[in-house]
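Student:
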Amino acid sequence: MEEAIHLIDVPVYSANRNVLTNAELKIPGLKMFGKHTMTTAVSPLPNHYHKNCFEITYVSDGVITFHVGEKDYKLRGGDVFITFPDEVHSTNLTPMSVGEIYWFQLDITNPKNLLFLNRAASNTLVNHLLHLEQHLLNANSKEMLLLLKKSFDASFHSKNTFLSASYLTVFIQKLLECNTLPKTKLSMDMESSVNYILTHLKEELPLDTLAKLCNLSTSQYKQKFKAQMGVSPRNFINFQKIEASKLLLEKGMDITHVAMELGFNTSSYFSVVFKRYNTYSPSEYIKRHKPNI
Numbered sequence: 001m002e003e004a005i006h007l008i009d010v011p012v013y014s015a016n017r018n019v020l021t022n023a024e025l026k027i028p029g030l031k032m033f034g035k036h037t038m039t040t041a042v043s044p045l046p047n048h049y050h051k052n053c054f055e056i057t058y059v060s061d062g063v064i065t066f067h068v069g070e071k072d073y074k075l076r077g078g079d080v081f082i083t084f085p086d087e088v089h090s091t092n093l094t095p096m097s098v099g100e101i102y103w104f105q106l107d108i109t110n111p112k113n114l115l116f117l118n119r120a121a122s123n124t125l126v127n128h129l130l131h132l133e134q135h136l137l138n139a140n141s142k143e144m145l146l147l148l149k150k151s152f153d154a155s156f157h158s159k160n161t162f163l164s165a166s167y168l169t170v171f172i173q174k175l176l177e178c179n180t181l182p183k184t185k186l187s188m189d190m191e192s193s194v195n196y197i198l199t200h201l202k203e204e205l206p207l208d209t210l211a212k213l214c215n216l217s218t219s220q221y222k223q224k225f226k227a228q229m230g231v232s233p234r235n236f237i238n239f240q241k242i243e244a245s246k247l248l249l250e251k252g253m254d255i256t257h258v259a260m261e262l263g264f265n266t267s268s269y270f271s272v273v274f275k276r277y278n279t280y281s282p283s284e285y286i287k288r289h290k291p292n293i
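Mapping to UniProt numbering: the sequence shown position 32 is 32, numbers consecutive.
In structure tokens, the structure reads:
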């Protein structure tokens, strides 16, 4: 097993990834706050931990895998993943695929005025977090995403520490409520659409056709699918096709035949999409999974 590292984030400012640390945030207990929009897959996260810190990751779009203990957790848009202080976690060698995440770390070393809260409120918040019963929560609502966006923007653009901390406090309180709420089920038309996609991965699956099967316009279908699945229909389709392609490649099917089998127009386009979701090409994937003789 790979040795876990104590990972400490550093400030990052780029087009797709921005990370603020406590030195920039100036909010008590907020170790870091980041936003990452992944237009292509990025390298897997190694085994690591954050000393005395909760880490809370909100997936606003895409499908991402986290690993804690012996279990993999597959998150989609609207899901929140929580790791406890000093808890080792990773993506279990799985690249972080196309999508978007917000994440932050709460340092509970000295919770006397966490997020500008008084001692009693800080202790209550930390106690509730420590008593969470699961790592994965569903917070798929426009309100939750908006709270995170406003909190991050208040720190990143406005440098308004009190406003940022206030939005984040409300987000955490709402998140704690999600711990006791049943997960929302898919509507019948969306459940049927997902099942149709999964059983017709060998077809091109144009969105117009999928929308008609649900008696919706294409724009209505995309909006409803994203709202309930947390990921756009095209992103979901591509991800599922690529996952299915891995099984075919492992069975020895050549790249061109896999591309045709799963409804890609050309093998070159299939390779582009494959690498976008995995950081490596189909041929590199074959080499990685070639049995040792």
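Note that beta-carbon positions come from the ideal geometry of N, C-alpha and C, so glycine has one too.
1) Look at the alpha carbon of Lys114 and the alpha carbon of Met190, and state the distance between them as a whole number of angstroms.
2) Starting from the Cα of Arg288, find the closest Cα among Val272, Asp254, Glu250, Pro46 and give me that residue.
3) Can you give me the C-alpha to C-alpha distance between residue 311 and Lys74, rounded to a whole angstrom?
4) Count Cβ pairs between the segment 119 to 138 and the segment 78 to 85 that sit closer than 8 angstroms; are there 3 or more?
5) Could you pull the start and end residues of the beta strand (DSSP E) that Gln105 belongs to?
6) Let me check understanding here. Comparing Cα to Cα, which of Lys290, Phe239, Leu130, Ala4 lies closest to Cys53?
7) Can you tell me where the alpha helix (DSSP H) with Phe84 in it begins and where it stops?
8) Using 8 angstroms as the threshold, is the C-beta distance between Phe156 and Leu248 below it?
9) Return the Cβ separation of Val68 and His89 in integer angstroms, given the expectation that the two are a contact with Cβ distance under 8 angstroms.
10) Taking the alpha helix (DSSP H) that Val272 falls in, what are its first and last residues?
11) With a threshold of 8 angstroms, are at least 3 pairs of Cβ atoms found where one atom belongs to the segment 108 to 126 and the other to the segment 185 to 205?
12) Could you check how far apart the C-beta atoms of Leu210 and Ser232 are, in whole angstroms? I think they sit under 8 angstroms.
13) Under three-state DSSP, which class holds Phe264?
14) For Arg76, is the classification buried or exposed, using 16 other Cβ atoms within 10 angstroms of its Cβ as the cut-off for buried?
15) Leaving out five residues on either side along the sequence, give the residues of the same chain with a beta carbon under 8 angstroms from the beta carbon of Asn47.
16) Output the distance between the C-alpha atoms of Asp9 and Met32, rounded to the nearest integer angstrom.
17) Going straight from the alpha carbon of Arg17 to that of Asp61, what length do you get?
18) On the premise that Val273 lies in contact with Ile242, defined as a C-beta separation below 8 angstroms, what is that separation, rounded to the nearest angstrom?
19) Please report the Cβ distance between Ile27 and Thr161, rounded to the nearest whole angstrom; I am assuming they are in contact, meaning their Cβ atoms lie under 8 angstroms.
20) Which word fits Gly252, buried or exposed, when buried means at least 16 other C-beta atoms lie within 10 angstroms of its C-beta?
21) Would DSSP call Glu204 helix, strand or coil?
22) Determine the contact status of Phe104 and Leu7, defining contact as a CB-CB distance below 8 angstroms.
23) If you draw a straight line from the C-alpha of Leu205 to the C-alpha of Thr218, how long is it?
24) So, is Pro95 buried or exposed, given that buried needs 16 or more other C-beta atoms within 10 angstroms?
25) Just mark Ser268 as buried or exposed, buried being the case when its beta carbon has 16 or more other beta carbons within 10 Å.
26) Quick check on DSSP: helix, strand or coil for Thr21?
27) Is Lys112 helix, strand or coil by DSSP?
28) Near His50, which residues of its chain fall below 6 angstroms by C-beta distance, leaving aside the five closest residues on each side in sequence?
Tutor: Judging by the given coordinates:
1) One point to set straight first is that residue 114 is Leu, not Lys, in the sequence displayed. Approximately 41 angstroms, taken between the alpha carbons.
2) Glu250
3) The requested residue 311 is not part of the displayed model; the chain covers only 1 to 293.
4) yes
5) 99 to 107
6) Leu130
7) No alpha helix (DSSP H) holds Phe84; DSSP gives it neither H nor E.
8) no
9) 5 angstroms
10) 267 to 278
11) no
12) Actually they are not in contact, since the Cβ atoms of Leu210 and Ser232 sit about 12 angstroms apart, beyond 8 angstroms.
13) coil
14) buried
15) Met1, Glu2, Glu3, Ala4, Ile5, Val88, His89, Ser90
16) 7 angstroms
17) 15 angstroms
18) 7 angstroms
19) 5 angstroms
20) exposed
21) coil
22) no
23) 13 angstroms
24) buried
25) exposed
26) strand
27) coil
28) Gln105
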